[in-house]
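Undergrad: Mind looking over this structure? Questions follow.
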Amino acid sequence: MQLTATDSAFTVVDLGCSSGNNTLFVVDRIVKHMLKRYESAGAPVPEFQAFFSDLPSNDFNTLFQLMPSLVKNASLEQCLTAVDHIQRSYFAAAVPGSFYGRLFPAKSVDVFHSAFSLHWLSQ
């Protein structure tokens, strides 16, 4: 994967996120891995954003209640090196909708992840 320019946020999407901790764990690991890649390349580290997508009936409220706060006045590096999800190192938003249709603009997502939803596809 080629590293993106730092004038825009690095975007991670979890399709079929549901409402539990697994999606938060995966996104956190992706962000921390990409931070290491930027640092090892000597490139400026971008801001990170994550979109959690599932059907509109998903319990997004529970998901966001499980999510740690974005720590104010902490550097990105302090957030990314936090242990046990004490601090969140990315901006987060929900995107309700079916991924049978288009959910995001072209070339706006760096990493898509889907752990348990693709087996439901019939199309």
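Position 122 of the sequence shown, counted from 1, bears residue number 1592 in my numbering, the numbering being contiguous throughout.
Note that beta-carbon positions come from the ideal geometry of N, C-alpha and C, so glycine has one too.
Could you tell me which uninterrupted alpha helix (DSSP H) segments, each at least 4 residues in length, are contained entirely in the region 1483-1535, listed from first to last along the chain?
TA: Here the runs fully enclosed are 1491-1511.
Undergrad: Taking the C-alpha atoms as reference points, what is the distance between S1559 and D1498?
TA: Residue numbering aside, residue 1559 sits at position 89 when the sequence shown is read from its first letter. Residue numbering aside, residue 1498 sits at position 28 when the sequence shown is read from its first letter. So the alpha carbons of these two residues sit roughly 8 Å apart.
Undergrad: Less than 8 Å between the beta carbons of N1531 and S1488, yes or no?
TA: Locating residue 1531 in the sequence shown gives position 61, where the first residue counts as 1. Locating residue 1488 in the sequence shown gives position 18, where the first residue counts as 1. Contact: no.
Undergrad: Looking at the unbroken beta strand (DSSP E) that takes in P1566, where does it start and where does it end?
TA: As a first step, residue 1566 is located in the sequence shown; it is residue number 96 there, counting from the start. Where P1566 is concerned, the enclosing beta strand (DSSP E) stretches over 1561-1566.
Undergrad: Which residue marks the beginning of the beta strand (DSSP E) containing F1586, and which one marks its end?
TA: Sequence index remark: in the sequence shown, residue 1586 carries index 116 (1-based). No beta strand (DSSP E) contains F1586, which DSSP labels as neither H nor E.
Undergrad: Assign R1558 to one of three DSSP states: helix, strand, or coil.
TA: Sequence index remark: in the sequence shown, residue 1558 carries index 88 (1-based). Reduced to three states, the DSSP call for R1558 is strand.
Undergrad: Check whether the Cβ atoms of F1574 and V1515 sit closer than 8 Å, and answer yes or no.
TA: The residue you call residue 1574 lines up with position 104 of the sequence shown. The residue you call residue 1515 lines up with position 45 of the sequence shown. Not closer than 8 Å, so no.
Undergrad: Between the alpha carbons of S1578 and T1481, how many angstroms are there, rounded?
TA: Locating residue 1578 in the sequence shown gives position 108, counting from the first residue. Locating residue 1481 in the sequence shown gives position 11, counting from the first residue. The alpha-carbon atoms of S1578 and T1481 are separated by roughly 7 Å.
Undergrad: Run the CB neighbour count on F1495, radius 10 Å, all protein chains shown included, and call it buried at 16 or more, exposed below.
TA: Here residue 1495 is taken as the residue at index 25 of the sequence shown, counted from 1. F1495 should be labelled exposed.
Undergrad: Would you decide whether M1504 is buried or exposed? Buried here means 16 or more other CB atoms lie within 10 Å of its CB.
TA: Residue mapping note: residue 1504 aligns to position 34 of the sequence shown, counting from 1. M1504 is buried by the Cβ-count criterion.
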